[in-house]
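Structure, as structure tokens:
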Amino acid sequence: MVSDISTLLSREVNQRSLRPIVAPRVRVRDEEDGAFVFVKDIAEIYELNSTAKRVLRLCDGTRTIEDILQTMIKEFDDTPQEIVRNDVNELLEFFEKIGCVKFHVK
Amino acid sequence: MLLDDQLFVAKTPLIIKWEITKACNLECVHCYASSGTKLKDELSTREVLNLMECMSQLDVLCVQFTGGEPFLRRDFAKILRAADDHMFCIDILTNGTLIDKKSTDLITRIYPHSVQISLDGANPTTHDSFRGLPGSFRSTVAAIERLVEPGVKVSISTTFNRLNVNELDQIWQLVEDLGVKSFLFGFIYPIGRGAAIYNSLALSPREQDRVRDFLIARSKTTEVKIYVDEAIGKIIDGKVKPPVCKAGRIMATVAAEGQVIPCPMLFDLTCGNVRVDDLKEVWEKSKELNYIRELSNLKGRCATCSYVSLCGGGCKAMAYFETGDPMGSDPFCPYAKSDENGSQLTVENLK
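Chain order of the listed sequences is V and P.
For the first sequence, my numbering gives the first residue as 2, with consecutive numbering after it.
For the second sequence, my numbering gives the first residue as 445, with consecutive numbering after it.
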């Protein structure tokens, strides 16, 4: 089942168990220090830095939001957890807003 | 970020500008490409489709179709559909005069990143005199209206010069009234047919400043995104910054007969031909591309300018036509202009 995050949240699904996945009509082009993302449905291109690229690459439909948060917390172990959590959550919200990722529940 | 980093060279082109034909139904007096007549050996439909396949494999993200007038190609609808199937971010640069109901339906369906349409006056007299075809203003405006109505992202492009600068207010009013998403402005370049009229019609630095100031002021109150031509610079936080040249770093151009060139204005600098050369190999090994990528090759004023790390030496095409060397000094550099011509732009406000 695939749905948008607000619908899922309104159904009181535990947000942490949602599994983000890159949406079908999205192209991601990796560069060494970042990535470019083309979202076909809004015909817009976004430039991602290396952190945003890493988060997007973790959105593979197998990991929950909590899995992604834990991975990023480990990879940024010199940054306070709360900051990593906020940044990752903000990124995921942004990805959802532009139609770059969808969320589903297993 | 990557696009502002002068040292960033993408592994393959991120953007392909594609002069899909040299044919044009208009005879614009300032056309840098000197478009008009179709060339003898333009890429065939099959070659175009094959190249698109290759571009897709190279992970090219954006394709900007330009010309000439792209809609003069009988197979352009097929080309657009193929580009859409490959999920390219599509831009179409057109004079708009050939966009009929059928083309509008196709464009609406593929929903390009932008359809950029040239408009050089606020009325038929001014526009048509530049464009060389009576009635072109009417058909261009009709095309813009037709595309805006279903929500296509249209950008109006205007080349300011001595004959239309006094219509600045009216042109802007027209842009707002037509409901387009963005407005791109530039000035005449001494390139192609523009060379013949440059001395008589190009704006002085002060006149250019007036246009910039007017539009920068509007950019703070309008929903229309305002851009300055990439050969001149870009607007950031209400200020015009020098151009960050994309040629050879993230962009290559394919000309109508398959030549690979750094940008449409550097048509003398052939780096290869897609008919016989592998595009990736050209991108990696071309002497010309590697030459313009290397900042230590900059000459003249740009070689010693402390802002070179911000702009990378400005527009290589302008430098080429001024000095014969793409790594010469960019004659339109706003830093230099502020020094030499009493422009209101200063190094301080460019920082």
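Just so you know, even glycine gets a beta-carbon here, dropped at the ideal spot from N, CA and C.
- Here V:Lys-41 is near P:Met-531, since their CB atoms are less than 8 Å apart.
- For P:Thr-584 against P:Leu-607, the beta-carbon gap comes to about 17 Å, at or over 8 Å, which does not count as contact.
- Residues of chain V whose Cβ lies closer than 8 Å to the Cβ of P:Met-531 are, in chain order, Arg-26, Arg-28, Phe-39, Lys-41.
- Contact of V:Glu-91 with chain P is not assigned, every C-beta pair being separated by 8 Å or more.
- According to DSSP, V:Arg-20 shares a beta bridge with V:His-105.
- A contact is defined here as three or more CB-CB pairs under 8 Å, and the stretch 25-35 of chain V meets this definition with respect to the stretch 47-56 of chain V.
- In the structure shown, P:Ile-460 falls within a strand segment according to DSSP collapsed to helix, strand and coil.
- Check the Cα spacing between P:Arg-490 and each of P:Ile-464, P:Cys-468, P:Leu-505: the tightest is with P:Ile-464.
- Under the three-state reduction of DSSP, P:Val-504 is assigned to coil, being neither helix nor strand.
- Listed by position along chain V, the residues whose Cβ is nearer than 7 Å to that of P:Ala-454 are Glu-32.
- Annotation: Cβ neighbours of P:Lys-597 in chain V (cutoff 7 Å, chain order): Ala-44.
- If you look at P:Thr-538, you'll find it in the beta strand (DSSP E) that goes 533-538.
- P:Ala-587 and P:Ile-561 do touch by the CB rule: their CB atoms are close to 7 Å apart, below 8 Å.
- Apart from the 5 residues on each side of it in sequence, P:Ala-763 sits with its Cβ closer than 8 Å to the Cβ of Cys-746, Gly-757, Asp-769, Pro-770, Met-771, Gly-772, Ser-773, Asp-774, Pro-775 in its chain, given in chain order.
- Of all alpha-carbon atoms in P:Asp-544, P:Val-698, P:Ser-478, P:Leu-754, the one lying nearest the alpha-carbon of P:Tyr-633 is that of P:Ser-478.
- Counting only unbroken stretches of 4 or more residues, the alpha helix (DSSP H) elements lying wholly within the stretch 50-74 of chain V are 51-59, in sequence order.
- Listed along chain V, no residue sits closer than 7 Å to P:Pro-514 by beta-carbon distance, the nearest being about 17 Å off.
- Residues of the same chain with a CB within less than 7 Å of the CB of V:Phe-77, apart from the 5 flanking positions on each side, are Val-85 in chain order.
- The shortest C-alpha to C-alpha distance from P:Lys-461 to any of P:Arg-719, P:Ala-526, P:Phe-765, P:Met-709 is the one to P:Met-709.
- With at least 16 other beta carbons inside 10 angstroms of its own, P:Gly-638 counts as buried.
- Counting along the chain, the unbroken alpha helix (DSSP H) around P:Leu-618 starts and ends at 612-622.
- For P:His-557, the C-beta contacts it makes with chain V under 9 Å involve Phe-39, Ala-44, Glu-45, Ile-46, in order along the chain.
- Taking 7 Å as the Cβ-Cβ cut-off, the stretch 710-736 of chain P has no residue approaching chain V.
- Taking all protein chains in view, the Cβ of P:Ser-580 is crowded by 16 or more other Cβ atoms within 10 Å, so the residue is classified as buried.
- Relative to the Cα of P:Leu-502, the nearest Cα in the group P:Arg-582, P:Ala-454, P:Thr-748 belongs to P:Ala-454.
- The beta carbon of P:Gln-508 lies closer than 6 Å to those of Lys-461, Asp-535 in the same chain, with the five residues before and after it left out.
- Neighbourhood of P:Leu-458 in chain V, by CB distance below 8 Å: Arg-30, Phe-37, in chain order.
- At a Cβ-Cβ threshold of 8 Å, V:Ser-18 and V:Thr-72 do not count as neighbours.
- When CB distances to chain V are screened at a threshold of 8 Å, the residues of the stretch 497-521 of chain P falling below it are Asp-503, Leu-505, Cys-506, in chain order.
- Counting along the chain, V:Val-89 sits inside no beta strand (DSSP E); it lies in the alpha helix (DSSP H) bounded by residues 82-98.
- Collapsing the DSSP output to three states places V:Asp-31 in a strand.
- A straight line joining the alpha-carbon of P:Gly-636 with that of V:Phe-37 spans about 34 Å.
- For V:Phe-39, the pairing in a beta bridge is given by DSSP as V:Arg-28, V:Ile-46.
- Closest in C-alpha terms to P:Ile-523, from the list P:Val-492, P:Glu-674, P:Ser-626, comes P:Val-492.
- For the pair P:Asp-673 and P:Leu-628, the Cα-to-Cα distance works out to about 6 Å.
- Annotation: the continuous beta strand (DSSP E) that includes P:Val-559 extends over 558-562.
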